[in-house]
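Worksheet: one structure, shown below.
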Amino acid sequence: MADSICRTIRDGALEGEHAPSLTIKDTTASPYGFGVFTHVLSQASTLILAGKSQSRGLVVVAYSRSPSFYLDFLKRSGVDVASSQKWIHILDCYTDPLGWKHQLADSGILPSNSSAGACLFQDVKDINKLQSLILELGSGLVGQGKVRFSVAIDSVTEMLRHVPLSKVAALISDLRSHDIHDVRVTTSLEYLSSMVASVESLNQSSDGLSGDLGNLSLLEQNFRRGKFHVRFKRRNGRVRVMNEQFHMEESGIKFTSVTVEDGLVSQGLVPKVLFNLELSEKEKLERARVVLPFEHQGNGKPIQIYDGRRSLAPESMGEVSADTSQSSTEECSNGGGEIIYFRDSDDERPDSDEDPDDDLDI
Amino acid sequence: MDSRARNLLDEALGLDQLTQLKPPLGGKAVLIEDCVETSGSFVLHQLIKRLLTAVPNSSNVVLFLAFANPFSHYDRILRKLGCNLGAQREKGRFIFVDMLNVECPVGEEGKAGGRSGLFALFANITKVLNALPESNRKCLTIVIDDVSLMEVAAHGSSDHVLDFLHYCHTLTSDYGCSLVTLNHEDIYSSMDGLVFLKQMEYAADVLVKVEPLATGLAADVHGQFDGLQMTVLNRGSLNNRMSNFQFRIKENSVEYFYPGARA
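Quick look at the structure:
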C-alpha cells in the first residue's frame, strides 16, 4: 500500500488536473509519521533520478530537520546525492527560521551562518515569500515549461506555528501531526489532499507511555509497530481505503500487509501468565454436565421453591403444600431427619387489605 | 545496588557509556515531565552529578538556566550527592545563569531591531558556546529548570518559548551539544497548553515521565520512572528503548529498582 502511494506520486496528474497530494498524520502514541515521510521521500527521489516519475525535480521545505540530515539520509538510502543540485533543492526553514542567528552574526556574536547544500530561509512568517521561493527553486530545477516538480514539507505543524491556517491551506500539505491540531485544521488539510495517510498505534492507549508495568514488554514490542491507514480519493470521486502494518527497523520503516492470520492471532491472544487460563476438551464437557441448582432438575420441569409463604392461588397452594409434604416425605425416607416449621404468619394471606391496627380502640 | 541503580537511570537517559571523547547525551534533546505529586527535579540533579563527576578530567560542561531556584539550592543538594558545584563553577565546567528575577518580555519582532528577552538569552548561550574550544562544544549540555517558569518570564507567550527551544534544538544539530528540559505535565489544562506540551514531546529525542504510583502514596516507593528513547531516524539510527522502573529518594542518593525487586 505504501507502494501505491509512491506509484500515485510517480504517475502524477493528467493535463488540467491537480497534482496528487499526500498528507501524513500521526500521534504521540505512534509518532512515526516522519518515518513514513522519509520513506516516501527516498522512493520519490529514486524515481525522479531514474526518470520514471512525472516530476523532474524535488523541493524539500525543511522545518524540523536540518538539510544535512536529508542529504545524509538520501545517501544512506542509496540515492545519488553527488548530482543533487540537478534534481533536489532543500529550502532550509530549520536553521534560522526567524533570523536570530543572522542578527547575532551582524553583532559579531556568531559567525555568519550558511546552510550547506540548501537555501537558507529566515522569515517563516512571510508565507508569500516562502511560496514564491518554492516556485523559484522548482522552476530552477525543471525549467519554465510544463514539466512538474514535487514539493515535500516537514512539518505543517511547524508551519502553522508561524502562519495562520488560511494561508497554509493555500499550499499543499505533506506532513502534519494529528493530536496537536483541532478537527478544523486536520479536516481542512485533508480536503486539500488526494491521499491521507494515518499512522496509528497498535495499542489503544492515547499516550505513548501508558505506565502499565504489567504489559511493559508488550508495550515496547508494539511501540515499534503500528497500523498504516491510507485513504485515496480517486479521480472519479470514489474513495478507496487500504490498511497495512508497519514496523520500524534500523534501516527505516518497513510495511507489511495485514493478513487474516494476524487478525486471528490478535483475537486469540491471552495474557502471558504462568497459569493456564484455558479449558481442555474434557474440562469443557464436565462443565457442561454440571447441574446448576434450582434449574431444570428432575423431569425437566421447573421447581417451585417454597419461600415461606403460601402463594395466592388456592390451586397452587394445594400444589405447594402437596409438594412440600412430598418433599418432606422424601427427606424422611432419605435422610432420616426433618425439620418441621410452622410460620406464625401462615394463616395470614400476604398483601392483605386489612389494616392490622383496625382493632385498636383509640 | 548503587552501581546497578546507576545503570537503570543512565540506561534510560543514554548515559551508560560516558567517555572523554563521546558527547554525554549524544547530542540529544531530553524532555522530563513531572507532576505535583512526584517531582522530576531529582533527574536533573543526578544528571548534573553524572556529567560533572563520572569521568575525571572530562570536557563536559553544564550550562544551567535556572528559573526555579537559586544557586544555593542546587549547591546544597549536589553537595549531599557528592558534587561540589562551587568548585565546578570556578573551573568553568558549571555555568549557572540565574533567571529567577529576570523577565523576558516579548520584543517588537515586527519592527526593525526588535528583540525579545529570550533572544538575548539565546545570544548568551551562543556566547558561552563560542567561548569553548571547537572540539569541546559537543560536550556542552544545556539544562533548563523549568520551561513553565520560562513561559511565565515570557509573559505567557508560549510561541516565543517554542521559538527559543527550537533554536536550542538547532544547536544540538549544528554543534552536537545536548539539551535537557524539565516541564510540569499537569499544569496545562486548556487546549493551548496541551498543544504546547505536545509540541515539546514531538521535538524531544528522549521523553521521560516521572509519575506517582498508580496505587497511591507509599513510604518506600516514591514514584515510577517511564522513559522512551526515540531517536527515530534522527541521528542515522533507530533506538527505540523503553524504560520503566521505580525509585525512592533518600537523603544522599536515589535508589532505583524494578517493580517488586526492591530488597
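Quick note, the sequences are listed as chains A and B, same order. Take the first sequence: its position 329, counted from the start at 1, is 329 in full-length UniProt numbering, and no numbers get skipped. Take the second sequence: its position 232, counted from the start at 1, is 232 in full-length UniProt numbering, and no numbers get skipped. C-beta atoms are modelled at their ideal positions from N, C-alpha and C, and glycine is treated no differently.
Query                                                                                                                                                                                        : Result
In terms of DSSP beta bridges, what is I90(A) paired with?                                                                                                                                   : V60(A)
Look at the alpha carbon of F246(A) and the alpha carbon of G14(B), and state the distance between them as a whole number of angstroms.                                                      : 26 Å
State whether the segment 34-54 of chain B contacts the segment 206-216 of chain B, with contact taken as three or more CB pairs (one from each stretch) at a distance under 8 Å.            : yes
Counting only Cβ pairs nearer than 7 Å, list the residues of chain A close to T126(B).                                                                                                       : L104, I109 and L110
Around the C-beta of R224(A), are 16 or more other C-beta atoms found within 10 angstroms, so that it is buried, or is it exposed?                                                           : buried
Below 7 Å CB to CB, which residues in the same chain sit around I253(A) once its five sequence neighbours on both sides are set aside?                                                       : Y32, G35, V36, H39 and F246
List the whole-angstrom C-beta distance separating F67(B) from M150(B), where the pair is believed to meet the contact cut-off of C-beta under 8 Å.                                          : 5 Å
Sort Q199(B), V254(B), S178(B) and S135(B) by Cα distance to H222(B) and report the nearest one.                                                                                             : V254(B)
Helix or strand or just coil, what does DSSP make of N136(B)?                                                                                                                                : helix
Give the residues of chain A in contact with A123(B), contact being defined as C-beta atoms less than 7 Å apart.                                                                             : L104 and I109
On the three-state DSSP scale, how would you describe Y202(B)?                                                                                                                               : helix
Where does V61(B) sit, in a helix, a strand or coil, going by DSSP?                                                                                                                          : strand
When the Cα of V157(A) is compared with those of K86(A), S68(A), D26(A) and W100(A), which residue comes out closest?                                                                        : Before going on, a small fix: residue 157(A) reads as Thr here, not Val. If we check each option's Cα against that of T157(A), D26(A) comes out closest.
Does the separation of the CB atoms of residue 368(A) and V60(A) fall below 8 Å?                                                                                                             : For residue 368(A) there is no data in the structure shown, the boundaries of chain A being 1 and 362.
Can the beta-carbon of A29(B) be found less than 8 Å from the beta-carbon of T172(B)?                                                                                                        : yes
Is the CB of K111(B) under 8 Å away from at least one CB in chain A?                                                                                                                         : Residue confidence is low: K111(B) scores 41 on pLDDT, short of 50, so the model does not pin down where it sits. No coordinate-derived value is stated.
With G226(A) as the anchor, note down where its beta strand (DSSP E) starts and where it stops.                                                                                              : R225 to K233
Quick check: the Cα distance between L58(A) and C93(A), rounded to an integer number of angstroms?                                                                                           : 16 Å
I need the DSSP call for M159(A), collapsed to helix, strand or coil.                                                                                                                        : helix
Applying the 10 Å Cβ sphere with the 16-neighbour rule, what's the burial state of C332(A)?                                                                                                  : Unreliable placement is indicated for C332(A), whose pLDDT of 42 sits below 50; the coordinate value is still reported in the next sentence. By the 10 Å Cβ count, C332(A) comes out exposed.
Identify, in the order they occur along the chain, each residue of the same chain with its Cβ nearer than 6 Å to the Cβ of V124(A), setting aside the five sequence neighbours on each side. : C93, P97 and H162
Between Q229(B) and S155(A), what straight-line distance do the alpha-carbon atoms span, to the nearest angstrom?                                                                            : 21 Å
Determine, for residue 268(B), whether the minimum Cβ-Cβ distance to residues of chain A falls below 8 Å.                                                                                    : Look at the range of chain B in this structure, 1 to 263, and you will see that residue 268(B) is not part of it.
Helix, strand or coil: which one does DSSP assign to R240(A)?                                                                                                                                : strand
Within the same chain, show all residues whose beta-carbon is closer than 6 Å to that of H229(A), passing over the 5 residues directly before and after it, in chain order.                  : S198 and N243
Look at F196(B) and L162(B) and say whether their C-beta atoms are less than 8 Å apart.                                                                                                      : yes
If I'm right that S194(A) touches K233(A) with Cβ under 8 Å, what's the distance once you round it to whole angstroms?                                                                       : 5 Å
Using three-state DSSP, classify N183(B) as helix, strand or coil.                                                                                                                           : strand
Any C-beta of chain A within less than 8 Å: which residues of the segment 162-196 of chain B qualify?                                                                                        : L162, D163, H166, Y167, T170, S173, D174, M191 and V195
Using Cβ-Cβ distances below 8 Å, what residues of the segment 81-105 of chain A are close to chain B?                                                                                        : Y94, T95, D96, P97, L98, W100, K101, Q103 and L104
For S66(A), return the contacting residues in chain B, with the cut-off set at a CB-CB distance below 9 Å.                                                                                   : T170, S173 and D174
Should A288(A) be counted as a contact of the ligand FMN given a C-beta to heavy atom distance under 7 Å?                                                                                    : Absent from the structure shown: the ligand FMN. Ligands present: none.
Counting Cβ pairs, one atom from each stretch, are 3 or more of them under 8 Å apart for the segment 73-83 of chain A and the segment 103-112 of chain A?                                    : no
Starting from the Cα of I144(B), find the closest Cα among A153(B), Y175(B), E134(B) and V180(B) and give me that residue.                                                                   : V180(B)
Do you know how far the Cα of T215(B) is from the Cα of D323(A)?                                                                                                                             : Note that D323(A) has pLDDT 40, beneath the 50 cutoff, so the model's placement of it is unreliable and no number is given.
Return the residue from the list L100(B), V62(B), G82(B) and I77(B) that minimises the CA-CA distance to E90(B).                                                                             : V62(B)
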